[in-house]
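In the numbering used here, the protein residues as written are 80 to 266. All C-beta atoms in this analysis are idealised placements derived from N, C-alpha and C, irrespective of residue type, glycine included.
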Ligand SMILES: Cc1cc2nc3c(=O)[nH]c(=O)nc-3n(C[C@H](O)[C@H](O)[C@H](O)COP(=O)(O)O)c2cc1C
């Protein structure tokens with residue numbers, strides 16, 4: 080797509096790497112390390128379609144526009160969350176307290192939902208305005224309706240408009256970031 084000076088597309092490998100397999104491997108490793116330097120927050124995405132609900136650990140989230148207030152999340156196409164968001168067109172971005180870092184491990188595969196107890200893997204939730212689950216212990220939440228779904232490859236970027244939001248803990252509560260854990264994703 081890019082045509083610097085009109086010379087044609089570049090990539091995925093820059094010219095010095097060319098098509099040498101060993102050079103490509105070195106470059107792949109370098110590119111991963113550079114991508115890992117990008118700072119991220121760490122969230123739990125709440126999703127729902129009908130009576131199916133899920134929570135999923137996700138760091139690829141960002142605000143995308145001032146007006147309207149758009150927030151994007153990039154979700155693996157194979158994830159259960161993908162199926163639910165695709166079907167219902169809603170999601171909740173739960174902002175987690177740094178003290179609750181242990182809970183992100185509970186949301187790396189489809190969760191056990193207890194509808195009577197209103198828990199996801201034992202973690203209490205309630206339904207947001209869109210119906211998607213808000214974790215009771217989230218510091219803050221952004222409840223979103225999907226306005227666009229962009230296929231990016233292995234992921235879909237769901238672009239949601241914030242239709243409801245709130246704090247559930249003190250606004251000054253330190254929130255979870257990738258660097259607070261030993262986990263990584265991407266690269
Ligand atoms: C630290 C961490 C960050 C993650 N970030 C993302 C992400 O940004 N997008 C994504 O699709 N999956 C991400 N995942 C992977 C999902 O949490 C994982 O694939 C999960 O199984 C998908 O959940 P589901 O099938 O229950 O929806 C991350 C996992 C970890 C451990």
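query: Quick one, which of 98, 131, 214 and 116 has its alpha-carbon nearest residue 246's?; result: 214
query: Under a three-way DSSP split, which group does residue 192 fall into?; result: strand
query: Can we say the segment 147–166 touches the segment 128–139, given the rule of at least three CB pairs closer than 8 Å?; result: yes
query: Could you compute how far the alpha carbon of residue 205 sits from the alpha carbon of residue 84?; result: 54 Å
query: Output yes or no for whether 8 Å exceeds the beta carbon distance between residue 124 and residue 152.; result: yes
query: Taking a contact to mean a Cβ-Cβ separation below 8 Å, would you say residue 175 touches residue 225 in this structure?; result: no
query: Cβ of residue 153 within 7 Å of any heavy atom in ligand 1?; result: yes
query: Could you name the residues of the same chain whose beta carbon sits closer than 8 Å to that of residue 141, not counting the 5 residues immediately before and after it, in chain order?; result: 150 and 151
query: Confirm, please, whether the CB-CB distance from residue 155 to residue 234 is below 8 Å.; result: yes
query: Look at the Cβ atom of residue 222, then the Cβ atom of residue 211, and state whether they are nearer than 8 Å.; result: yes
query: Do you know offhand how far residue 108's Cα is from residue 92's?; result: 12 Å
query: Less than 8 Å between the beta carbons of residue 257 and residue 138, yes or no?; result: yes
query: What is the rounded straight-line gap between the Cα of residue 244 and the Cα of residue 220?; result: 5 Å
query: Is residue 161 helix, strand or coil by DSSP?; result: helix
query: Could you give the DSSP three-state label for residue 109: helix, strand or coil?; result: helix
query: Span of the beta strand (DSSP E) holding residue 135?; result: 131–137
query: Tell me whether residue 171 is buried or exposed, calling it buried when 16 or more other Cβ atoms sit within 10 Å of its Cβ.; result: buried
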